[in-house]
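> Sharing a structure here in structure tokens format.
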Amino acid sequence: MNRTILIGLLSFSTIAFGQSGKNTTIPAGLKTPTTLPIVFTKTIAADQSHVGDAVTAKTSQIVHLPNGAVIPSGAKVTGHVVSANGFAYDKTPYAHQKASTLTIKFDSVQVGESALPLDATVRAMADPITSEQARIKWATDIDPQGTTTQVGGDEVTPRVSEVVNSDGDVVEYNKRGGVYAHLIANGGCDGSDVEVSMGIYSASACGLYGFSRVSAAELGSQTQPSTLTLVSTHVSPKIWKDSTALLEVLPSQQNAGLR
4 MNRTILIGLL SFSTIAFGQS GKNTTIPAGL KTPTTLPIVF TKTIAADQSH VGDAVTAKTS
64 QIVHLPNGAV IPSGAKVTGH VVSANGFAYD KTPYAHQKAS TLTIKFDSVQ VGESALPLDA
124 TVRAMADPIT SEQARIKWAT DIDPQGTTTQ VGGDEVTPRV SEVVNSDGDV VEYNKRGGVY
184 AHLIANGGCD GSDVEVSMGI YSASACGLYG FSRVSAAELG SQTQPSTLTL VSTHVSPKIW
244 KDSTALLEVL PSQQNAGLR
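Under my numbering, the first residue of the sequence shown is numbered 4, with each subsequent residue one higher.
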């Protein structure tokens, strides 16, 4: 069966799933950006993984779609390891160390009984420590409410809907069971004027956070959708369990050539 390109979140002709006891239909041809905040549920390591090994994650926040459909928090995201080679230190004097790489590909998100193909980019990703720090409420005498700091720097204050950046500008909103924002362009990440789910990420979050001595050679693209490649000439790249990511679904009009 030919793969159906995900549009906005998915690109089936129509797919229905139960929501609060009734069916909600996700239509084909969604024109708006969609994001999936996820948390990895198992560790994947370049020096321990093999081609074909399963990659598992789950959504960490409700995702509201424009037609009222909802992808629930906890929806399973699956993928697989494409390639993995561990780091081996070359002791030869002045040797250029050979890069260790880990490539994974996200395949689908489970909604009800349907596994929906997933074509996305990894807009941002954080290791478990950075991710946990974004959830901790640091209550102090100065801040008794326990403000949390999103990955990327935005500040969320409990029981306050406005989320502000370091300049005090309102850039996200805390509502409907999570944090939502218009994406803000930053580095290689584009902005948008559509409200999307952010989880623990700032509106301008982009790239890797907390991955020491590791860089991203691929974060997903039109030609390599849902593909993430981590590379290092110092360590074996690893995505630890409880790492998080913000996936951004590829727009349909840019995917037309992949059909």
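Glycine residues also receive a C-beta, built at the ideal position from the N, C-alpha and C atoms.
#1: When the distance is taken between beta carbons, is Ala-123 closer than 9 Å to Val-252?
#2: Under the three-state reduction of DSSP, which class applies to Thr-46: helix, strand or coil?
#3: From Tyr-204 to Lys-94, what distance separates their C-alpha atoms?
#4: So what's Thr-28 in DSSP terms, helix, strand or just coil?
#5: Output yes or no for whether 9 Å exceeds the beta carbon distance between Val-80 and Ala-98.
#6: Reducing DSSP to helix, strand and coil, say where Glu-116 ends up.
#7: Just to confirm the assignment, what range does the beta strand (DSSP E) spanning Thr-62 have?
#8: Let me check one thing: in DSSP terms, what residues is Cys-192 bridge-paired to?
#9: Could you give the first and the last residue of the continuous beta strand (DSSP E) run that contains Thr-124?
#10: Is it buried or exposed, Ala-87, if we count other Cβ atoms within 10 angstroms and call 16 or more buried?
#11: Cβ atoms of Val-85 and Lys-101: under 9 Å apart, would you say?
#12: In the DSSP output, what is Ala-181 paired with across the bridge?
#13: Enumerate in chain order the residues of its own chain whose CB-to-CB distance from Asp-196 is below 8 Å, with the five nearest sequence positions on each side excluded.
#14: Nearest to Trp-141 by alpha carbon, out of Glu-135, Thr-150 and Ser-134?
Based on what the coordinates show:
#1: Numbered from 1 along the sequence shown, position 249 holds the residue referred to as residue 252. Numbered from 1 along the sequence shown, position 120 holds the residue referred to as residue 123. Going by C-beta atoms, Val-252 is nearer than 9 Å to Ala-123.
#2: Here residue 46 corresponds to residue number 43 of the sequence shown, with the count starting at 1. Looking at Thr-46 - three-state DSSP - the assignment turns out to be coil, as it is neither helix nor strand.
#3: Your numbering for residue 204 matches position 201 in the sequence shown. Your numbering for residue 94 matches position 91 in the sequence shown. For Tyr-204 and Lys-94, the distance between alpha carbons rounds to 40 Å.
#4: In the sequence shown, the residue the question calls residue 28 occupies position 25. Here Thr-28 scores only 44 on pLDDT, less than 50, and its place in the model is too uncertain to base an answer on.
#5: Locating residue 80 in the sequence shown gives position 77, counting from the first residue. Locating residue 98 in the sequence shown gives position 95, counting from the first residue. Not in contact: Val-80 and Ala-98 (Cβ atoms no closer than 9 Å).
#6: Translated into the one-based positions of the sequence shown, residue 116 becomes position 113. Residue state, collapsed to three classes: coil.
#7: The residue you call residue 62 lines up with position 59 of the sequence shown. Start and end: 57 to 62.
#8: One-based indexing of the sequence shown puts residue 192 at position 189. DSSP, once it has assigned bridges, lists Asn-189 as partnering Cys-192.
#9: In the sequence shown, counting from the first residue as 1, residue 124 sits at position 121. 123 to 129 is the span of the beta strand (DSSP E), which, as asked, contains Thr-124.
#10: What you label residue 87 is simply residue 84 of the sequence shown in a count that begins at 1. Ala-87 comes out buried.
#11: Start at 1 with the first residue of the sequence shown, and residue 101 comes out as number 98. Start at 1 with the first residue of the sequence shown, and residue 85 comes out as number 82. Against a cut-off of 9 Å, the Cβ pair of Val-85 and Lys-101 comes out as no contact.
#12: Translated into positions along the sequence shown, residue 181 becomes position 178. One detail in the question is off: residue 181 reads as Gly in this sequence, not Ala. Note: Gly-181 sits in a beta bridge opposite Lys-178.
#13: Taking the sequence shown and counting its residues from 1, the one referred to as residue 196 is at position 193. Excluding residues within five positions, the ones whose Cβ falls inside 8 Å are His-185.
#14: Here residue 141 refers to the residue found at position 138 of the sequence shown. Among Glu-135, Thr-150 and Ser-134, the Cα nearest to that of Trp-141 belongs to Thr-150.
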